[in-house]
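Everything in the sequence shown is counted per my numbering, starting at 24 for the first residue and increasing by one.
Step one of this worksheet: look at the structure below.
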Amino acid sequence: IAGEVRGNVTRAVLIAVLAALATIVVISSIYGDVIARPFGNNLVAAWGSLFWSQSQQLPGGQPPVAPYLAAIAAPGAWPLWALLIVGGALLNFMIVPVYFVLISRMLLAWGMDRLVPAWFSEVNERTHAPMNAIIAAIVVAEVSLVAIYFLNYNLGFQIWASIVLLSLTFLMPGLNALLLRWRRPELARLAPFSRQLPWMGAAWAAFVLVVYWFIAVQPIFSALTAAQNPFAYIHQTGLDVATAVIVLAIVAFFVMRAHNRRQGIDTRMLFREIPPA
24 IAGEVRGNVT RAVLIAVLAA LATIVVISSI YGDVIARPFG NNLVAAWGSL FWSQSQQLPG
84 GQPPVAPYLA AIAAPGAWPL WALLIVGGAL LNFMIVPVYF VLISRMLLAW GMDRLVPAWF
144 SEVNERTHAP MNAIIAAIVV AEVSLVAIYF LNYNLGFQIW ASIVLLSLTF LMPGLNALLL
204 RWRRPELARL APFSRQLPWM GAAWAAFVLV VYWFIAVQPI FSALTAAQNP FAYIHQTGLD
264 VATAVIVLAI VAFFVMRAHN RRQGIDTRML FREIPPA
């Protein structure tokens, strides 16, 4: 942000964040729930539920992808639907490098902030990119694919593991806003709505906790108590992998904190001084 945004950084970032949130609301709520409902959105949702639960009653044994549904509705236009399938497959391959770029830049920032080893923040002189971070992201992706397709995980693995791993992503902004005035008072003085941040953070954290209680905690607890073999359920849904990743991240955090202390690095000084514009 500091390198790309010009002018009034606070105003520009605030407008960008609000615009992004508005776009997400329009796409996920207004478009999906209001506009798409008359065109069979409920049918697609029910069909998708059968697919992800690996139901034996799945129509045609296929997921409700748009070309498949279109071929049923207008079978004479199958060349167009085939072209859409090829385009969708190519689009996935085109998006993959974007994900690796995004993940590698996060690792680069973590390395510069001493949250992970400095090896991740090394920039290759020839490519001008953090190749170590990119390679690490590719290795993790390959390990994840092996876990999904070769270790007897079903498709529900992707749902439950993603929901559990995303919990901190949704919860931490609220906790950060709630604790910012005490943890980083120098940043709180420059933050917009600094006086309202604790209340906003508390409201956000409470909202996320309530949502996760109904979409994750309660369903998982009910399934574990009803399952004849809870360990098999944990393995099939990928909860064991998600838990292992969270535990590994916590261990890595404290290992890096101990390493920084041994090296005489005080990470608390990272935000003590804001560089001049």
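For each residue, glycine too, the CB sits at the ideal point set by N, CA and C.
Quantities reported herein were computed from a predicted structural model and do not represent experimental measurements.
Examine chain D for any beta-carbon lying closer than 8 angstroms to the beta-carbon of Asp-289, and answer yes or no.
-> Among the chains in the structure shown there is no chain D, since it carries only a single protein chain.
Compare the beta carbon distance of Leu-131 and Phe-123 with 8 angstroms and say whether it is the shorter of the two.
-> As a first step, residue 131 is located in the sequence shown; it is residue number 108 there, counting from the start. As a first step, residue 123 is located in the sequence shown; it is residue number 100 there, counting from the start. Against a cut-off of 8 angstroms, the Cβ pair of Phe-123 and Leu-131 comes out as no contact.
Go ahead and pull the three-state DSSP assignment for Arg-291.
-> Stepping through the sequence shown from its first residue, residue 291 is reached at position 268. It is helical.
In its own chain, which residues sit with a C-beta less than 7 angstroms from the C-beta of Val-231, not counting the 5 before and 5 after it?
-> As a working note, residue 231 is residue 208 in the sequence shown. Here the set comprises Phe-193, Leu-194 and Gly-197.
For Leu-107 versus Pro-90, is the C-beta spacing smaller than 8 angstroms?
-> Sequence index remark: in the sequence shown, residue 107 carries index 84 (1-based). Sequence index remark: in the sequence shown, residue 90 carries index 67 (1-based). Yes.
Inter-residue spacing [alpha-carbon to alpha-carbon] between Ala-160 and Arg-128 = Stepping through the sequence shown from its first residue, residue 160 is reached at position 137. Stepping through the sequence shown from its first residue, residue 128 is reached at position 105. Cα-Cα distance, rounded: 10 angstroms.
So, helix, strand or coil for Asp-136, using DSSP?
-> Counting from one through the sequence shown, the residue named residue 136 turns up at place 113. Of the three classes helix, strand and coil, the one that applies to Asp-136 here is coil, per DSSP.
Report the three-state DSSP secondary structure of Pro-90 (helix, strand or coil).
-> Locating residue 90 in the sequence shown gives position 67, counting from the first residue. Pro-90: helix per DSSP, three-state reduction.
Short Cβ contact (8 angstroms threshold) for Ala-141 with Gly-261 | Along the sequence shown, one-based indexing puts residue 141 at 118. Along the sequence shown, one-based indexing puts residue 261 at 238. Against a cut-off of 8 angstroms, the Cβ pair of Gly-261 and Ala-141 comes out as no contact.
Hey, could you find the ends of the alpha helix (DSSP H) Trp-205 is sitting in?
-> Within the sequence shown, residue 205 is the residue found at index 182, counting from 1. It spans 190-206 - the alpha helix (DSSP H) in which Trp-205 sits, taken as one unbroken run.
Exposed or buried, which one is Gly-134 when buried takes at least 16 other CB atoms within 10 Å?
-> Here the question's residue 134 lines up with position 111 in the sequence shown. Buried.
Specify the secondary structure class of Ser-51 as computed by DSSP and reduced to three states.
-> By 1-based counting over the sequence shown, the position of residue 51 is 28. In the structure shown, Ser-51 sits in a helix (DSSP, three-state: H, G or I).
In the DSSP assignment, find the alpha helix (DSSP H) that holds Ala-225 and state where it starts and stops.
-> One-based indexing of the sequence shown puts residue 225 at position 202. Residues 220-235.
Tell me whether Glu-148 sits in a helix, a strand or coil according to DSSP, three-state version.
-> On the sequence shown, residue 148 is found 125 positions in, with the first residue counted as 1. Correct three-state label for Glu-148: coil.
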